[in-house]
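According to mature numbering (1 follows the signal peptide of the UniProt record, and there is no 0), the sequence shown holds residues -24 to -1, 1 to 514 in order. Each residue gets a CB set at the ideal place from its N, CA and C atoms; glycine is no exception. Step one of this worksheet: look at the structure below.
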Amino acid sequence: MNVMNLLTANKLLFILQWILIALPLNGYIHPDEYFQATEIMASDVLHLKSCRTWEWNCISLSRNVIFPTAVAGLPFWILKTLSKLSGFELNAQLLVIAPRIFMGFVTLTVDWLLSKFTGTVLEFTKEQGTFVTFLFRSSHVTLTFSMRTFSNNVESLLLMFILLLPLHKTKSSFLHCFIGFLNILGFFIRPSSLCFFVMPMFVSTILMFYKWWAATKTVGAILKYCYMLLVGGSLAAILCISLDSWYCTEGRVINWSISPLNLLSYNFDMENLKLHGIHPWYLHLTVNMILMFGPLYILLIWRCIIAVKGFSQNLYGYYNMQTYLAACVIVPVCILSLIRHQEPRYILSVLLPLTCFVATGAEIIRSRLFYISWLFFNFLGVIWFGFAHQAGVLPSISHLSSHLSGSNGSNVLIIYWKTYKVPEHLLLQRKYDSAITLKDMAGADWKLVGKELDTAFQRTYDKILLVCPSSVAVDTELQKHSTWKLEESFFPHITTEDLPLDLLYKTIQLEDVNHWLLTVMHLFSLNIYSVYPLYSPT
């Protein structure tokens, strides 16, 4: 693909990014996209009923408030102000789209910094720089993960500054102070940031020390550099600790909080990690890297094998920018592999040096096979993470929000079962309004759900709604103990925790194609049921 074609593709991909934000995509990647930002700020700014996870317990605050305030608090405040001025009513869709628009601008900034990095630091040709932009914009990571309110995306933004600034030709004390500030800011927002910063900081520091020593033969400039890094880092720490402590302060009693230390203390306890899942150390290296980056990771492995062979023949021949970029990918992934809880989004930020690394090979830029495999891989990624995975949760809660808004004091119980945790703020229920009760049964056994329903039948609920995957409803014993009435169905909704493989196998025997398609659509849907005691009139 030539430069002109790449430029055209990049423009189309830019438009596609904003189309996907505006739709919005219903795919639900991970609960953290809501429960580390929007769920918290909806309560603080919009005064909506929400669920605060363990990280936001002010006795031991484990998350810094800067990230959720910036990516969700500010958009919600703007919505709240516009609502007061123009009189329009907030709805669940607006509360989803507004923070994603903000994340779109974060991604746009990362995109711009990446182009600066390839031009000024790596000194790529126009073809290489355009190719890097193409890889970044066409990645399903950019089109799905980067548009969600994950702190990993701010980690990527800070990483671009750390990659760009230390190796920039302009040097000043303020710049060194700013670099120190960014390092500690990243640590407070997401402690794992330091894993990504370690290689850029190490290499740039070694290069600067070498140049200063060669020029002056004194340690004065080196000590000044370290001092300015320390000053910048101290300012960031003071700012973050002050904001966290102010956020958790009640009355005149100051509750001093150092959120990253609280988070690390929690994660170093193996019993706590077991609650979230213990993974083998090699999961990032063997599964998550493939899942996130596909062909790019395969190219990285292949080139590293070739480099090792060449390195044995020529000890210094392969120490160049390509080696540096490879290290910026491999080192953080290896460090993160030491942590026993591993999720794909934890390695999201390595997309940036990885795209640059791949662009150093001219043969890939002109390879038709690479473009076909890359685009097909990312098409599947967008479909899965953007449109299919747990994709019934968002439209179902939006539907319930609009249909229950005029319940006029009715007592309603909503039970979500076999789904990801539901962001309660999307019901748009005021903080102290008890008309609607939302219960998350997660992956509980049907007997526990049955007990919950039996308890609910004995109370004064005017309506009991059960939301669960269609495949679970078909296969559960629960329907024998209560009466279910289907109210609404949302397709697609695929959950890997409860794939209906046995039911799907039975559909293969259906000869009628239309009947088969309808059956498959039914199996991969999320349903809302009204539930009544057995033999109760509906």
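Item	Value
According to DSSP, isoleucine 281 sits in a beta bridge with which residue or residues?	Looking at the DSSP assignment, isoleucine 281 forms no beta bridge with any residue, so it has no partner.
Where does tyrosine 408 land, buried or exposed, given buried means 16+ other C-beta within 10 angstroms?	exposed
May I ask which residues mark the beginning and end of the beta strand (DSSP E) holding isoleucine 412?	412 to 416
Rounded to whole angstroms, what is the Cα-Cα separation between serine 506 and glutamate 9?	29 Å
Is valine 82 near tryptophan 53, with beta carbons less than 8 Å apart?	no
Going by other Cβ atoms of all chains shown within 10 Å of its Cβ, with 16 needed for buried, is glycine 105 buried or exposed?	buried
Is it true that the CB of asparagine 128 sits closer than 8 Å to the CB of leucine 324?	yes
Decide if proline 51 is buried, meaning its Cβ has at least 16 other Cβ atoms within 10 Å, or exposed.	buried
Assign methionine -21 to buried or exposed, taking buried as 16 or more other Cβ atoms, counted over all protein chains shown, within 10 Å of its Cβ.	exposed
Runs of 4 residues minimum, wholly inside the region 362 to 406: which ones carry the alpha helix (DSSP H) assignment?	369 to 380
When the Cα atoms are used, what is the spatial distance from threonine 436 to serine 458?	17 Å
Taking a contact to mean a Cβ-Cβ separation below 8 Å, would you say arginine 39 touches serine 235 in this structure?	yes
Whose CA, out of Arg279, Ile5 and Gln(-8), lies closest to the CA of phenylalanine 363?	Ile5
Give me whichever residues DSSP pairs with isoleucine 470 in a beta bridge.	His365
Note down, in chain order, each residue of its chain lying with its Cβ closer than 6 Å to the Cβ of glutamine 298, except the 5 sequence neighbours on either side.	Thr336
Could you check the C-alpha separation between threonine 85 and isoleucine 198 for me, to the nearest Å?	31 Å
Quick one: residues in its chain with C-beta nearer than 8 Å to the C-beta of tyrosine 300, no 5 flanking neighbours on either side, listed in chain order?	Met175 and Val179
State the DSSP-derived secondary structure class of tyrosine 223, mapped to helix, strand or coil.	helix
Let's see if you can read the secondary structure: which residues bound the alpha helix (DSSP H) around valine 86?	68 to 92
By how many angstroms is the C-alpha of leucine 402 removed from the C-alpha of serine 67?	Here residue 67 is asparagine; the residue named in the question, serine, does not match the sequence. About 8 Å.
Specify the secondary structure class of lysine 25 as computed by DSSP and reduced to three states.	coil
For leucine 240, which option in Val207, Cys34, Val398 and Arg166 has the closest C-alpha, if you only look at C-alpha atoms?	Arg166
Should the region 459 to 478 be called in touch with the region 494 to 508, which here means at least 3 C-beta pairs below 8 Å?	yes
Assuming glutamine 366 and tyrosine 396 are in contact, meaning their beta carbons sit under 8 Å apart, how far apart are those beta carbons, in whole angstroms?	5 Å
Cutting at 6 Å between CB atoms, please list the residues of its own chain near leucine 389, excluding the five before and the five after it.	Thr413, Ala432, Tyr437 and Ile440
Taking a contact to mean a Cβ-Cβ separation below 8 Å, would you say phenylalanine 269 touches leucine 327 in this structure?	yes
Write down the C-beta distance between proline 75 and threonine 125 rounded to the nearest angstrom, noting that I regard them as a contact closer than 8 Å.	5 Å
In the structure shown, what three-state DSSP assignment does residue 518 receive?	Since the first and last residues shown for the chain are -24 and 514, residue 518 lies out of range.
So, at 6 Å on beta carbons, what are the nonlocal neighbours of tyrosine 392 in its own chain, with the 5 sequence-adjacent residues on each side left out?	Val398, Asp416 and Val443
Which whole-angstrom value is the C-beta distance of glycine 156 and leucine 205, which I expect to be below 8 Å?	4 Å
If leucine 140 and leucine 89 are in contact, beta carbons under 8 Å, what's the gap, nearest whole angstrom?	6 Å
Can you tell me the Cα-Cα spacing of aspartate 430 and serine 132, whole angstroms?	48 Å
Taking the continuous beta strand (DSSP E) assigned at lysine 439, which residues delimit it?	439 to 445
Could you give the uninterrupted runs of the alpha helix (DSSP H) lying entirely in the region 126 to 153, keeping only those of 4 residues or more?	127 to 140
Would you kindly check if the distance between the Cβ of tyrosine 223 and the Cβ of valine 41 is under 8 Å?	yes
Got a sec? Which residues, its chain only, sit under 7 Å from valine 219 by beta carbon, not counting five neighbours each side?	Rather than valine, the amino acid found at residue 219 in this sequence is leucine. Around leucine 219: Val41 and Ile42.
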